[in-house]
Structure formats: C-alpha cells, structure tokens
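Counting in the numbering used here, the sequence shown runs from 8 upward without gaps.
The C-beta atom is built at its ideal place from N, Cα and C for all residues, glycine as well.
Predicted model, so just to flag it, every value in this text is computed and none were measured.
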Amino acid sequence: MARRTFEISADQVNTVNNMLRSVSGTTNMFIHSKCKELLKDLRQVRWRRDVLGNPTGELDKPDPQRTHLSDALSYLAAQEWGMQPTFGLKPGFGR
Numbered sequence: 008m009a010r011r012t013f014e015i016s017a018d019q020v021n022t023v024n025n026m027l028r029s030v031s032g033t034t035n036m037f038i039h040s041k042c043k044e045l046l047k048d049l050r051q052v053r054w055r056r057d058v059l060g061n062p063t064g065e066l067d068k069p070d071p072q073r074t075h076l077s078d079a080l081s082y083l084a085a086q087e088w089g090m091q092p093t094f095g096l097k098p099g100f101g102r
C-alpha cells in the first residue's frame, strides 16, 4: 500500500498558534506538562527558510517523527475554534 503524504497548511499552524497565544495576548488552549512529545514537537518544528532567510511556507522536518502530534492538535483546534487564515508571514516572525 502506498504511503499517503499530507502537507500541513499555514492556516493550520496559525490556528494552533492563535489558540496558544493570540495577537492580543489571550490564551485559549493550554498544553499539560505531561504531554512531553507534543511540547517537543511544537518547540522543534520550524518553517523552512530560503537562502535569504525568508520562510518558504513549508515545514522544516529534519526528524520524520516530528509533526504527527502537532498535526493532530491542529485538527482539534480547527474543529473546536475554526481555521484561522494566515494573511502573510512577517520577516523574522515565522518559527
């Protein structure tokens, strides 16, 4: 059976980021400290950057085990709070 691939969207990342801390500073979602792998996932996954250092819109995943838990969290956030569109990444602002 062929392995399915799925690309996470900037809107999914934006939705999770906004739930963790919105632009106004509001926190709508908390992650328990016992969720060690999820916290590791969120800390280690970054946007891939081009040669000029600008985010490319693709996730940089040097560890293939990363993003599974944060992907699942993004599905929950989208279901509970709706997708929150990304209007653009500011230089130096993307993770």
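Between R53, Y82 and N24, which lies nearest to R73 when the distance is taken from Cα to Cα? R53
### Message
Which complete alpha helix (DSSP H) runs does the region 66–91 hold, if anything under 4 residues is left out?
### Response
75–88
R56 - partner residues in DSSP beta bridges: P62
(request) Grab the span of the alpha helix (DSSP H) containing T22 for me, first residue to last. (result) A17 to L27
With a threshold of 16 other CB atoms inside 10 Å of the CB of M26, please say whether the residue is buried or exposed.
-> buried
Checklist entry - In this structure, does DSSP put K41 in helix, strand or coil? => result coil
Original post:
What's the gap between the Cα of K43 and the Cα of D18?
Top reply: In this model, K43 and D18 are separated by some 24 angstroms (Cα to Cα).
For this session: Indicate whether L45 and L80 have their beta-carbon atoms separated by less than 8 angstroms.
Result: yes
- [ ] Have a look at D48, N61, D78 and F37 and flag the residue whose alpha-carbon is nearest the alpha-carbon of P69.
- [x] D48
inquiry  = Quick test of your reading: R50 and T63, contact by CB under 8 angstroms. State the CB separation rounded to the nearest angstrom.
reply    = That belief does not hold up - the Cβ atoms of R50 and T63 are roughly 20 angstroms apart, past 8 angstroms.
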